[in-house]
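For reference, the structure is listed below as structure tokens.
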Amino acid sequence: MKNFIYIIIIMGPAMYFGFTGRPTEMGISVVASALAITFINMDKFEFFKGAGFEAQLKKVEKATEEAYATIDALKTVAAPIIAETLHSISHAMRYSAGVAEIQRKLDAKYELDRVAESLGLKYEPLQKEQADFYRLHTWDLYSWVVGYFSKLKVDSKEIQLLFDVRSEYINTVNYPSRERILELLGSEYSKIDEEGLERIEDYLYFSKNKKLRRPITEEE
1 MKNFIYIIII MGPAMYFGFT GRPTEMGISV VASALAITFI NMDKFEFFKG AGFEAQLKKV
61 EKATEEAYAT IDALKTVAAP IIAETLHSIS HAMRYSAGVA EIQRKLDAKY ELDRVAESLG
121 LKYEPLQKEQ ADFYRLHTWD LYSWVVGYFS KLKVDSKEIQ LLFDVRSEYI NTVNYPSRER
181 ILELLGSEYS KIDEEGLERI EDYLYFSKNK KLRRPITEEE
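Numbering (full-length UniProt numbering), first residue to last: 1 to 220.
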């Protein structure tokens, strides 16, 4: 019971940061919570080593099991918080800021992934959110490309065909290839300038490598 109360008190800030869309602060809070739980239970370990320090502690077998149970409980609490935070990051500002926010979101996701890995979290909803993050932002980049084509006065018929592909496959990872994009453009391909070709490469690179090919500093 005492350890459960510790978890609630310590994880409170992490939950707050998670639900308010502040992943970096949440990640720090989760790690701090893990360390705090360890030190709360220091008298229950025979030996503890990590983060560059070690402490010789007395051996109490039953209490050690309780300490590990507490840490497992911490993981149980942390997993859904991280998953929900990643969900918020994935959907935040997709329409107001567009692809200009992708790098910031990637940085936040890397931090969440690092925390999840350090805690050894195995949580199916979290794995789904991680996959959805890349799927959503790959399609956002595709839309960014097609939107630019529209600015180049590509015929509306071809633009609609390109957007129809997104509508049909947006819940999948069946991303249009370079060849498919060119096929849908048809003769309108002649209107695509250097920047348009670069954007196609940006989209394709992200779809394969899950990172940006070049900085995108503003929505153009």
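All C-beta atoms, glycine included, are put in the ideal place defined by N, C-alpha and C.
- [ ] Decide if Leu152 is buried, meaning its Cβ has at least 16 other Cβ atoms within 10 Å, or exposed.
- [x] Working through the sequence shown from its first residue, we reach residue 152 at position 152. When all chains shown are included, Leu152 counts as exposed.
TODO: Would you check if there are 3 or more beta carbon pairs closer than 8 Å linking the segment 138–150 to the segment 199–217?
DONE: yes
Task: Asp140 (DSSP reduced to helix, strand or coil) - done: For the purposes of this step, residue 140 is taken as the residue at position 140 of the sequence shown. For Asp140, the secondary structure class from DSSP, reduced to helix, strand or coil, is helix.
TODO: Note down the Cα distance separating His137 from Glu194, rounded to an integer number of angstroms.
DONE: Here residue 137 refers to the residue found at position 137 of the sequence shown. Here residue 194 refers to the residue found at position 194 of the sequence shown. Going by the C-alpha atoms only, they are around 23 Å apart.
Task: Length of the line joining the Cα atoms of Ala78 and Arg135 - done: Position 78 of the sequence shown, counted from the start, is the residue given in the question as residue 78. Position 135 of the sequence shown, counted from the start, is the residue given in the question as residue 135. Cα to Cα, Ala78 sits roughly 24 Å from Arg135.
Task: Residue closest to Asp155, alpha-carbon to alpha-carbon, out of Glu124, Leu119, Ile192 and Ala92 - done: To locate residue 155, count along the sequence shown from 1; it is residue 155. Minimum Cα distance to Asp155 is reached at Ile192.
TODO: Take every Cβ of the segment 122–132, pair it with every Cβ of the segment 76–96, and state whether three or more of those distances are shorter than 8 Å.
DONE: yes
- [ ] Determine whether the Cβ of Leu161 lies closer than 8 Å to any Cβ atom of chain D.
- [x] Although the question refers to chain D, the structure presented lacks it and comprises just one protein chain.
Task: Among Ser207, Ile82 and Gly98, the one whose alpha carbon lies nearest that of Pro125 - done: As a working mapping, residue 125 is identified with position 125 in the sequence shown. Closest by alpha carbon: Ile82.
Open item on the list: Which residue marks the beginning of the alpha helix (DSSP H) containing Glu101, and which one marks its end?
Closed with: Along the sequence shown, read from residue 1 onward, the residue named residue 101 stands at position 101. From DSSP, Glu101 is part of no alpha helix (DSSP H); its letter is neither H nor E.
Task: Whole-angstrom distance between Leu119 and Asp113, CA atom to CA atom - done: For this step, residue 113 is matched to residue 113 along the sequence shown. For this step, residue 119 is matched to residue 119 along the sequence shown. Spanning the two alpha carbons is a distance of roughly 10 Å.
Open item on the list: What does the Cβ neighbour count give for Glu168, buried or exposed, with the cut at 16 atoms within 10 Å?
Closed with: Within the sequence shown, residue 168 is the residue found at index 168, counting from 1. Exposed.
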